[in-house]
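S.K.: Quick note on this note's numbering: the sequence shown kicks off at 193 and runs consecutively.
Even for Gly, the Cβ is constructed at its ideal location relative to N, Cα and C.
None of these values were measured; they are calculated from a predicted model.
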Amino acid sequence: MVVRKFLQPIIISLLITLAATPGYAQVVAVVDSGVAPGTPNVIPGGFDVFNNDDDPEDQTASLHGTVVARVMASVYGGVQILPIKIVGPNFIGDTNITNRGLRAAAARDDVRVVLKSSGPAGSFSEWVNIVNSGKLAVMRAGNESEPNPNRDGAYAKNLGGRAIVVGASDASGNIAPYSNRAGDSADVYIIAPGFNSFTSVQGTSFAAPRVAAVAAQIYAQNPNLSAQQVAEIILTSADDKGDPGVDRIYGHGLLNVGAALAPRDTGGGSSSGGGALAAVAVVAGGAIVWGILRNRDGDSLENTFITDVYDRGYIFDMTKRISAKEASPNLFSLMSDADLKTDTFVVSQGVDNSSYATLTSSLTEIDEMTNRLDPTYTTEDYNDSFTKLNFYQQSSDGSKYRFSLNDSVRTELGAFALSREQNQSTPGFEYTSTFTNPYLSFTDQGIASHASYKLDENFGFAFALSSNEEPDKYGLESDSAVIEGHYKKDKAAIGLQLGSVREMGSLFGGASGGVLSVEESNTISIGLSGSYQFNDKFSVIGNYTEGYTNVDDWDQSYLQNFSSIRSNSYGMGLVGKGVFRQEDRIGIGYSRPLKVKRGSADLIVPEGREDFGQPLFFDEERINLNPTASEQAFEAYYSFQPKKNVQLTTYFLHRKNPDHNSEGGSENTILATLKFKF
Ligand SMILES: [Ca+2]
Ligand SMILES: [Ca+2]
Numbered sequence: 193m194v195v196r197k198f199l200q201p202i203i204i205s206l207l208i209t210l211a212a213t214p215g216y217a218q219v220v221a222v223v224d225s226g227v228a229p230g231t232p233n234v235i236p237g238g239f240d241v242f243n244n245d246d247d248p249e250d251q252t253a254s255l256h257g258t259v260v261a262r263v264m265a266s267v268y269g270g271v272q273i274l275p276i277k278i279v280g281p282n283f284i285g286d287t288n289i290t291n292r293g294l295r296a297a298a299a300r301d302d303v304r305v306v307l308k309s310s311g312p313a314g315s316f317s318e319w320v321n322i323v324n325s326g327k328l329a330v331m332r333a334g335n336e337s338e339p340n341p342n343r344d345g346a347y348a349k350n351l352g353g354r355a356i357v358v359g360a361s362d363a364s365g366n367i368a369p370y371s372n373r374a375g376d377s378a379d380v381y382i383i384a385p386g387f388n389s390f391t392s393v394q395g396t397s398f399a400a401p402r403v404a405a406v407a408a409q410i411y412a413q414n415p416n417l418s419a420q421q422v423a424e425i426i427l428t429s430a431d432d433k434g435d436p437g438v439d440r441i442y443g444h445g446l447l448n449v450g451a452a453l454a455p456r457d458t459g460g461g462s463s464s465g466g467g468a469l470a471a472v473a474v475v476a477g478g479a480i481v482w483g484i485l486r487n488r489d490g491d492s493l494e495n496t497f498i499t500d501v502y503d504r505g506y507i508f509d510m511t512k513r514i515s516a517k518e519a520s521p522n523l524f525s526l527m528s529d530a531d532l533k534t535d536t537f538v539v540s541q542g543v544d545n546s547s548y549a550t551l552t553s554s555l556t557e558i559d560e561m562t563n564r565l566d567p568t569y570t571t572e573d574y575n576d577s578f579t580k581l582n583f584y585q586q587s588s589d590g591s592k593y594r595f596s597l598n599d600s601v602r603t604e605l606g607a608f609a610l611s612r613e614q615n616q617s618t619p620g621f622e623y624t625s626t627f628t629n630p631y632l633s634f635t636d637q638g639i640a641s642h643a644s645y646k647l648d649e650n651f652g653f654a655f656a657l658s659s660n661e662e663p664d665k666y667g668l669e670s671d672s673a674v675i676e677g678h679y680k681k682d683k684a685a686i687g688l689q690l691g692s693v694r695e696m697g698s699l700f701g702g703a704s705g706g707v708l709s710v711e712e713s714n715t716i717s718i719g720l721s722g723s724y725q726f727n728d729k730f731s732v733i734g735n736y737t738e739g740y741t742n743v744d745d746w747d748q749s750y751l752q753n754f755s756s757i758r759s760n761s762y763g764m765g766l767v768g769k770g771v772f773r774q775e776d777r778i779g780i781g782y783s784r785p786l787k788v789k790r791g792s793a794d795l796i797v798p799e800g801r802e803d804f805g806q807p808l809f810f811d812e813e814r815i816n817l818n819p820t821a822s823e824q825a826f827e828a829y830y831s832f833q834p835k836k837n838v839q840l841t842t843y844f845l846h847r848k849n850p851d852h853n854s855e856g857g858s859e860n861t862i863l864a865t866l867k868f869k870f
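1. How about K592: is its C-beta nearer than 8 angstroms to some C-beta of chain B?
2. Please go through the stretch 705-776 and give each complete beta strand (DSSP E) segment of 3 or more residues, from N-terminal end onward.
3. Which runs of the alpha helix (DSSP H) spanning at least 4 residues fall entirely within the stretch 349-435, listed in chain order?
4. Does the Cβ-Cβ distance between F608 and F627 come in under 8 angstroms?
5. Using beta-carbon positions only, say whether N714 and T737 come within less than 8 angstroms of one another.
6. Which whole runs of the beta strand (DSSP E) in the stretch 237-325 are 3 residues long or more, in chain order?
7. Assuming Q413 contacts R354 (C-beta within less than 8 angstroms), just tell me the rounded distance between them.
8. Residue range of the alpha helix (DSSP H) that F627 falls in?
9. Is the beta carbon of A452 less than 8 angstroms from the beta carbon of I410?
10. What I want to know is whether the C-beta of D250 ends up closer than 7 angstroms to one or more non-hydrogen atoms of ligand 1.
11. Kindly indicate the opening and closing residues of the beta strand (DSSP E) around A656.
12. Quick test of the definition: if touching needs 3 or more C-beta pairs under 8 angstroms, does the stretch 382-393 touch the stretch 284-303?
13. Answer with buried or exposed for G805, where buried requires no fewer than 16 other C-beta atoms within 10 angstroms of its C-beta.
14. Considering just the uninterrupted stretch of the beta strand (DSSP E) at I498, what are its terminal residues?
15. Can you tell me whether D224 sits near ligand 1, meaning its C-beta is under 7 angstroms from at least one heavy atom of the ligand?
16. Compute the beta-carbon to beta-carbon distance between V303 and V330, rounded to the nearest angstrom, for a pair I have assumed lies under 8 angstroms.
17. Between G800, Q774 and R814, which lies nearest to S792 when the distance is taken from Cα to Cα?
18. Measuring alpha carbon to alpha carbon, tell me which residue in E711, L427 and F726 is nearest D379.
19. Below 7 angstroms, is the gap between the Cβ of D376 and the nearest heavy atom of ligand 2?
20. Can you find a heavy atom of ligand 1 that lies under 7 angstroms from the Cβ of N282?
21. Hey, is K592 close to ligand 2, as in C-beta under 7 angstroms from one of its heavy atoms?
22. Under a Cβ-count criterion, where at least 16 other Cβ atoms within 10 Å of its own Cβ denotes burial, should N818 be classed as buried or exposed?
23. Leaving out five residues on either side along the sequence, give the residues of the same chain with a beta carbon under 6 angstroms from the beta carbon of D362.
24. Mind listing, in chain order, the residues whose beta carbon lies closer than 7 angstroms to a non-hydrogen atom of ligand 2?
25. Please identify the residue among Q218, V797, S670 and F651 whose C-alpha is closest to the C-alpha of D509.
26. Here's the rule: buried if 16 or more other CB atoms are within 10 angstroms of the residue's CB, otherwise exposed. What is N324?
27. Assuming S756 and T741 form a contact by the criterion Cβ under 8 angstroms, report the distance between their Cβ atoms to the nearest whole angstrom.
28. Please classify S364 as buried or exposed, where buried requires at least 16 other C-beta atoms within 10 Å of its C-beta.
29. Any heavy atom of ligand 4 within a distance shorter than 7 angstroms of the CB on D240?
30. In the DSSP assignment, find the unbroken beta strand (DSSP E) run with R332 in it and report its ends.
31. Just to confirm, does N291 get its C-beta within under 7 angstroms of one of the non-hydrogen atoms of ligand 1?
32. When you compare each of S858, A828 and D811 to T496 by their alpha carbons, which one comes out closest?
33. Between which two residues does the beta strand (DSSP E) harbouring V797 extend?
34. Taking the C-alpha atoms as reference points, what is the distance between L597 and Q637?
35. Determine whether the beta carbon atoms of L676 and L605 lie at a separation below 8 angstroms.
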C-alpha cells in the first residue's frame, strides 16, 4: 500500500477547553414531580402547582423528579434546575395543572429550557407559548413501544424546530425495547440512555434530562443562541443509528455529548478574525514552520482563542495542529517504487530518435483535512486511485521532451541533469530538490513538462513548467517555471537556473487555507549547479539555489505584514557508475534543504473576548521566520543487478534536525528494495 500523505501523520490530542464564560443564568425548568430537599443544582423559586405552594417537594415513591434532576447534574455540573411540580403522590395530576406549570415556566425570563418528563400532557397552545417566548422544549417520547412519540412528545414536530423529543437507548446504544420510536417526529427525535445510577427504573423520562442538560451547557457556551440553533447542534451532532441518516426508528440517532459541545464548522470562514475552523488544521512549509514555532516569545499559539460557527469560544493549543510539510520529497517515493504497478509502452523507436511513455498507477491514501477538531473524529484515510503518466521523447539532435501527469520533472534540471549528461545515469538521491530547483514545484501532483535543446557541443538550455490546481485534494495551488542554461566542456559542466513560482494560499508549499496561510506568494529564484567528472566512474555534483519571496497577506491569517523573505538550499554529492560491477550505481550526498534565511512577520493570535459579540483581544508579536536550526541530511545508496532482470538497491539516510526543527533530534533510515522485471 502506497502512503503518500499530504498531511504528515499528525496525531492530535484534542486539547480543547471551554473558554471561560461569564455567569449567565441558563436555567432548565423541570416540569415533573418536584425534587427532594437537598437535591443538587436546584435553584430557589420553584413552584408546587399541584398543591399550590412554593415548596415543590417530591411526593412520588420513586422520587421521579429528583432522579431527573440528578441525571441532569451528572451530565452538566453547572446546570441550574427550577423544579415545577405538576404531579402529587402516584403521579396524580391533570391537564389543567400541567398547563399552569407550563405557563409558570414560560413566564420566567431566566428559563432557557423547559423539560417535561412526567405527568399528564399539557395543551399544544401552552407549548407554542413556551417556544414563542424563546425557550427550547424538551419532552420524553414515552415508554409504550409505540411507533410515534406520544403525549407532549407528539407536539415536538410542530414547534418550528424549537423542540426535541427524546427516546431511550439501552446500554449498547440501541433503542430500548420500551421506548416509543421516532416515527412521524424523526426530524426532532433523538435517543439518550434511559438508565442511570440513581434508580433501577428505566424510561424515556430519564433520557430526556440528559438532552436538557446538554442544551443548558450549549446555552452557557453562547447565551445568544436561539432555541432552534441549540436543537440543531444537539440533533446534528448525534451518532447516526439504524438506517443511514434520519430514520423513523432513531430519528437523528444517539445523543453525543462531546460532539454537541465541540466546536463546529460547516465550512464557512469567519470574518471575526477568530479563525475559521475549516482552516484550523495547518500544514506549513518545512522551510519556515519551525521559524514560526520556535522564535516566539509568548505562548499565544498554545492558548489560541477560537470561535465556531455558533460563536462559541474555545481555548485551543494551536501548536498541536501545526505540522511540517517536508521541504524535501520523502522516502515514500522510494518505497512506492517497489509497490507501483508500472507499464512502459514504447510508442516508437528508431535509429535517430526515440520516444516512450510510462504509465504508473497506484492506490493513494490521503488524510482528510477536515473535522479534526471534532473529538469524535477518527483519522479516516480515503483511498484514491492515483495515476502517473510520463511521456518522453528524445531526438537525434539531442533535444528532449517530457510531459508528466502527477510526477515531478525536477530531475531534468540542475545537478541531476548535468550528472546524467556526463555519467549517463540519474543520481539516486531522494533529496532531489536540493540538487535541482526546490521552487519548481512543491508537489509532484499536477501537470509538469520539460524541454531541453542543445545549441552546439557545449551549450544547451532547458525549460520546465509545473502546475497544480487541486488545492482541495493536495492543498497546493501553484504555477512555476524554470529556465536553465548549461555549458559543458571536457570534464566540467555548469548550469544556471532562473525560476519563478506563484503560490495561491501557500508559502513554500504549505499552509493552504490554514491559519498560517497567505493570500499569495511569489518567489523568484536563481540557481547554480555544477558537475565535474573525475574519471569514467565518478563525478561530483553540487547545487545552490536562492529565492526571494514577496507575500500578500491573507486577512484571516495569524501571520500579517510579511517582510520580503530570503531562502536557500544546497546539496553536493559524489556519484558513480560501474564502480564495482558493470551496471551498478553509487552515490553519497549531503543536503541542506530549503530554509528561510531572512524574513519576519507579525504573529497576531486571538486570545479572548470581553463578552459574546464583543471584539476579540489579540496577542501580537513580531517574529523572525528563519528556523533556528538547519537540517543536515546525509544519504547514500548503492544499486546493482545481481542477475539480469533483478535490481537491488540499498539506501541509507541520516537527518539531523529534520525540517530545521532544533528539537527534532536525528533520524536514520535504512531501506532496501528489490525489483524484478518480467
Ligand atoms: Ca408543596
Ligand atoms: Ca439513522
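M.R.: Quick answer:
1. The chain inventory of the structure shown lacks chain B, comprising one protein chain alone.
2. 712-725, 730-744 and 757-769
3. 396-413 and 419-428, all fully within the stretch 349-435.
4. By one-based count along the sequence shown, residue 608 stands at place 416. By one-based count along the sequence shown, residue 627 stands at place 435. A contact, by the Cβ cut-off of 8 angstroms.
5. Along the sequence shown, read from residue 1 onward, the residue named residue 714 stands at position 522. Along the sequence shown, read from residue 1 onward, the residue named residue 737 stands at position 545. No, the Cβ-Cβ distance between N714 and T737 is not below 8 angstroms.
6. Unbroken beta strand (DSSP E) stretches of 3 residues or longer found wholly inside the stretch 237-325: 272-277 and 303-308, given in chain order.
7. Here residue 413 is taken as the residue at index 221 of the sequence shown, counted from 1. Here residue 354 is taken as the residue at index 162 of the sequence shown, counted from 1. About 18 angstroms; that fails the 8 angstroms criterion.
8. Here residue 627 refers to the residue found at position 435 when the sequence shown is read from its first residue. Note, F627: alpha helix (DSSP H), T624 to F627.
9. As a position in the sequence shown, residue 452 is number 260, starting the count at 1. As a position in the sequence shown, residue 410 is number 218, starting the count at 1. Yes, these two residues count as a Cβ contact at 8 angstroms.
10. Numbered from 1 along the sequence shown, position 58 holds the residue referred to as residue 250. No, Cβ of D250 sits at least 7 angstroms from all heavy atoms of ligand 1.
11. For the purposes of this step, residue 656 is identified with residue 464 of the sequence shown, where counting begins at 1. Where A656 is concerned, the enclosing beta strand (DSSP E) stretches over F651 to E661.
12. no
13. Translated into the one-based positions of the sequence shown, residue 805 becomes position 613. With fewer than 16 Cβ atoms within 10 Å of its Cβ, G805 is classed as exposed.
14. On the sequence shown, residue 498 is found 306 positions in, with the first residue counted as 1. Segment T496 to T499, the beta strand (DSSP E) holding I498.
15. For the purposes of this step, residue 224 is taken as the residue at position 32 of the sequence shown. D224: no, Cβ never under 7 angstroms from ligand 1.
16. Working through the sequence shown from its first residue, we reach residue 303 at position 111. Working through the sequence shown from its first residue, we reach residue 330 at position 138. About 12 angstroms separates the CB atoms of V303 and V330; that is not less than 8 angstroms, and the two are not in contact.
17. Translated into the one-based positions of the sequence shown, residue 792 becomes position 600. With distances taken between Cα atoms, S792 lies closest to R814.
18. In the sequence shown, residue 379 corresponds to position 187, counting from 1. With distances taken between Cα atoms, D379 lies closest to L427.
19. Here residue 376 refers to the residue found at position 184 of the sequence shown. No, ligand 2 has no heavy atom inside 7 angstroms of this Cβ.
20. Looking up residue 282 in the sequence shown gives position 90. Checking every heavy atom of ligand 1 against the Cβ of N282, none is found closer than 7 angstroms.
21. If you number the sequence shown from 1, residue 592 lands on position 400. K592 Cβ: outside cutoff for every heavy atom of ligand 2.
22. By one-based count along the sequence shown, residue 818 stands at place 626. Per the 10 Å Cβ criterion, buried.
23. Position 170 of the sequence shown, counted from the start, is the residue given in the question as residue 362. Hits under 6 angstroms: A368.
24. D432, K433, G434, D435, P436, G437, V438, D439, Y442 and G445
25. Position 317 of the sequence shown, counting from 1, holds the residue named residue 509. Checking every option, the nearest Cα to that of D509 belongs to V797.
26. On the sequence shown, residue 324 is found 132 positions in, with the first residue counted as 1. With fewer than 16 other Cβ atoms within 10 Å, it is exposed.
27. Numbered from its first residue, the sequence shown carries residue 756 at position 564. Numbered from its first residue, the sequence shown carries residue 741 at position 549. So it is a contact: roughly 7 angstroms between Cβ atoms.
28. Locating residue 364 in the sequence shown gives position 172, where the first residue counts as 1. S364 comes out exposed.
29. For the structure depicted, ligand 4 is absent and the ligand set comprises only ligand 1 and ligand 2.
30. If you number the sequence shown from 1, residue 332 lands on position 140. Counting along the chain, the beta strand (DSSP E) containing R332 begins and ends at L328 to R332.
31. As a first step, residue 291 is located in the sequence shown; it is residue number 99 there, counting from the start. It does not: the Cβ of N291 is nowhere closer than 7 angstroms to a heavy atom of ligand 1.
32. Stepping through the sequence shown from its first residue, residue 496 is reached at position 304. Closest by alpha carbon: D811.
33. Here residue 797 is taken as the residue at index 605 of the sequence shown, counted from 1. Element bounds for V797: S792 to R801.
34. Sequence index remark: in the sequence shown, residue 597 carries index 405 (1-based). Sequence index remark: in the sequence shown, residue 637 carries index 445 (1-based). Taking the straight line from one Cα to the other gives about 7 angstroms.
35. Taking the sequence shown and counting its residues from 1, the one referred to as residue 676 is at position 484. Taking the sequence shown and counting its residues from 1, the one referred to as residue 605 is at position 413. For the sequence presented, residue 676 should be read as Glu rather than Leu. Yes, Cβ-Cβ distance for E676 and L605 is below 8 angstroms.
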